[in-house]
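Residue numbers (the working numbering): 1312 to 1864. Just so you know, even glycine gets a beta-carbon here, dropped at the ideal spot from N, CA and C. Since we're looking at a predicted model, the values are computed, not measured.
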Ligand SMILES: Cc1cc2nc3c(=O)[nH]c(=O)nc-3n(C[C@H](O)[C@H](O)[C@H](O)COP(=O)(O)OP(=O)(O)OC[C@H]3O[C@@H](n4cnc5c(N)ncnc54)[C@H](O)[C@@H]3O)c2cc1C
């Protein structure tokens, strides 16, 4: 499975036609907005627009799909429908597989031009795109697929990638068309909405139950999140981002909006740059500026670069959905999962309160901060020695912001299978002490431990029997004993990786992976070690050891 190529390359070219000619079909996928949406703007400039979203069974029933994703998408579709309707254009929402849905529309509406964004998705959507491209070729439909972020299709090598990213982010945003003509005979936006209502998970056969605490979607909501982050919530971003409690407020919470395209990365980047410029101006004029703001915005900007940097890996090497980056890591862990361990981890019953609290918080809200995601995966991969393929799809379902390129890259990075990153094994007890020093988070999500004294909350199994009796929490009865011993699991994992690193295949693979995916930063060694803090935990700014804080080229 090589790099993705331009699925549209052979799709044929229909003549650009003035308004009144066959409609231009705009296929919305993970780009559910009207602002900074180049395919929509281009299409609207060429003629009446047939705006389409498709509920695709093969995608919705993929093992990574969850009702929380659909709920978010439906919020976005409702907002998109309203925004298009204000401009005079209905949104068709159909169910079926592409290209069959497209063929049905072509027969009725005779469109000859298809507009969409490029998608860096799972194999299921990439295979679908190949089928659509073949159909376009056969029907003489011109498919214009435009980039929607900093991911570069058909990238030959990583040198210069950062410059391209900067150029794309600096390009002017595409204004939403003020009016969008619709094909004659389609009906009013309200009539079309009544004919094609949004569908819920049960009716579409999508797995997963309701998550009342999950983020709500839609373009206006995304814009509001951006504003509140840049002007209020983000002040303490650098300090708070590692905490599951404070991070929920101080992080931007824009990941779902970016993943489903309710806002463009360029809009976010330019708003952050604008805010940075305002702060610089204030400083220059001698007005008071809290020094935490510039630092926060600098770290935020780095993460926007990481967003595409990680997606680019899946774009370049789609096999990482199924195989380790480093082929030397194949067979490192058992082919069949230890079902009891996997089940305990998924359910939040490992006997490690910080792991269990994070997992249960994730079940409820479909979001948790980066550090805790990394700890969860580290625990599954190192302590429980589970192969990432046994839990990556399940974990994708838990994240409302599931973005395939980031997810698979991160899951592998935190499992040690990239072959180039430092093996980083988080101590759940240390994370509890550092990130939840008052035990508020653990007590909230693991209520069976509410009566455990703070001194023992991170490791309740260390309570003497008399104390267990006194507080009424019996380890092994009311809360599980630790599923594995941290110290010995930690040692065993390090030894296995040290042995692996000494093999010729591991060294050759490290070289190959570095060439293909590593950051480029002249003067730096290929795998800079993360800065360590006193606590032994990596600095929040260096989570991607290959991707230095402010320059993930
Ligand atoms: C195992 C694992 C799986 C992950 N899966 C996803 C995923 O499916 N989708 C996703 O968007 N993020 C994922 N992340 C990265 C990160 O945890 C989330 O982007 C972040 O927690 C989202 O919260 P936020 O929007 O408040 O982030 P902020 O800290 O406000 O960051 C702003 C934006 O930068 C991007 N970003 C931040 N951190 C990272 C990172 N480490 N790598 C790449 N981009 C980043 C995101 O788009 C994010 O919305 C994963 C991390 C791990 C360890």
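Exposure of residue i, with buried meaning 16 or more beta-carbon neighbours within 10 Å
| i | result |
| --- | --- |
| residue 1637 | buried |
| residue 1798 | exposed |
| residue 1781 | exposed |
| residue 1558 | buried |
| residue 1633 | exposed |
| residue 1745 | buried |
| residue 1310 | Nothing can be reported for residue 1310, as the shown portion of the chain is limited to 1312 through 1864. |
| residue 1765 | exposed |
| residue 1723 | buried |
| residue 1459 | buried |
| residue 1542 | exposed |
| residue 1591 | exposed |
| residue 1278 | Any answer about residue 1278 is impossible in this case: the structure gives the chain only from 1312 up to 1864. |
| residue 1335 | buried |
C-beta contact flag for residue i and residue j at 8 Å
| i | j | result |
| --- | --- | --- |
| residue 1491 | residue 1618 | no |
| residue 1444 | residue 1454 | yes |
| residue 1573 | residue 1528 | yes |
| residue 1769 | residue 1792 | no |
| residue 1549 | residue 1606 | yes |
| residue 1488 | residue 1398 | yes |
| residue 1738 | residue 1624 | no |
| residue 1763 | residue 1734 | no |
| residue 1299 | residue 1578 | As shown, the chain starts at 1312 and ends at 1864. That puts residue 1299 outside it, with no answer to give. |
| residue 1704 | residue 1353 | no |
| residue 1561 | residue 1551 | yes |
| residue 1556 | residue 1342 | no |
| residue 1827 | residue 1584 | no |
Straight-line Cα distance separating residue j from residue i
| i | j | result |
| --- | --- | --- |
| residue 1525 | residue 1713 | 13 Å |
| residue 1417 | residue 1441 | 18 Å |
| residue 1463 | residue 1829 | 15 Å |
| residue 1640 | residue 1679 | 28 Å |
| residue 1708 | residue 1380 | 8 Å |
| residue 1701 | residue 1450 | 41 Å |
| residue 1405 | residue 1788 | 51 Å |
| residue 1936 | residue 1465 | As displayed, the chain neither begins before 1312 nor continues past 1864, which places residue 1936 out of reach and without an answer. |
| residue 1696 | residue 1726 | 9 Å |
| residue 1293 | residue 1677 | Nothing about residue 1293 can be read from this structure; the chain reaches only from 1312 to 1864. |
| residue 1408 | residue 1346 | 27 Å |
| residue 1582 | residue 1533 | 13 Å |
| residue 1621 | residue 1736 | 21 Å |
| residue 1436 | residue 1539 | 34 Å |
| residue 1494 | residue 1333 | 8 Å |
| residue 1520 | residue 1479 | 38 Å |
| residue 1688 | residue 1776 | 32 Å |
| residue 1338 | residue 1373 | 20 Å |
| residue 1772 | residue 1646 | 31 Å |
| residue 1378 | residue 1518 | 6 Å |
Any non-hydrogen atom of ligand 1 within 7 Å of residue i CB
| i | result |
| --- | --- |
| residue 1565 | yes |
| residue 1614 | yes |
| residue 1717 | yes |
| residue 1585 | no |
| residue 1560 | no |
| residue 1353 | no |
| residue 1611 | yes |
| residue 1617 | yes |
| residue 1714 | yes |
| residue 1710 | yes |
| residue 1722 | yes |
| residue 1570 | yes |
| residue 1685 | yes |
| residue 1825 | no |
| residue 1725 | yes |
| residue 1621 | yes |
Nearest residue (CA-CA) to residue i, options the options
| i | options | result |
| --- | --- | --- |
| residue 1389 | 1370, 1503, 1415 and 1498 | 1503 |
| residue 1497 | 1419, 1699 and 1516 | 1419 |
| residue 1616 | 1481, 1446 and 1732 | 1481 |
| residue 1749 | 1704, 1566, 1477 and 1554 | 1554 |
| residue 1669 | 1475, 1624, 1757 and 1598 | 1757 |
| residue 1566 | 1804, 1546 and 1536 | 1536 |
| residue 1402 | 1411, 1365 and 1722 | 1365 |
| residue 1349 | 1433, 1425, 1594 and 1808 | 1425 |
| residue 1422 | 1430, 1412 and 1431 | 1412 |
| residue 1501 | 1410, 1447 and 1392 | 1392 |
| residue 1546 | 1584, 1673 and 1602 | 1602 |
| residue 1368 | 1410, 1387, 1361 and 1359 | 1410 |
CB contact check: residue i to chain D, cutoff 8 Å
| i | result |
| --- | --- |
| residue 1782 | Included in the structure is just one protein chain, with no chain D present. |
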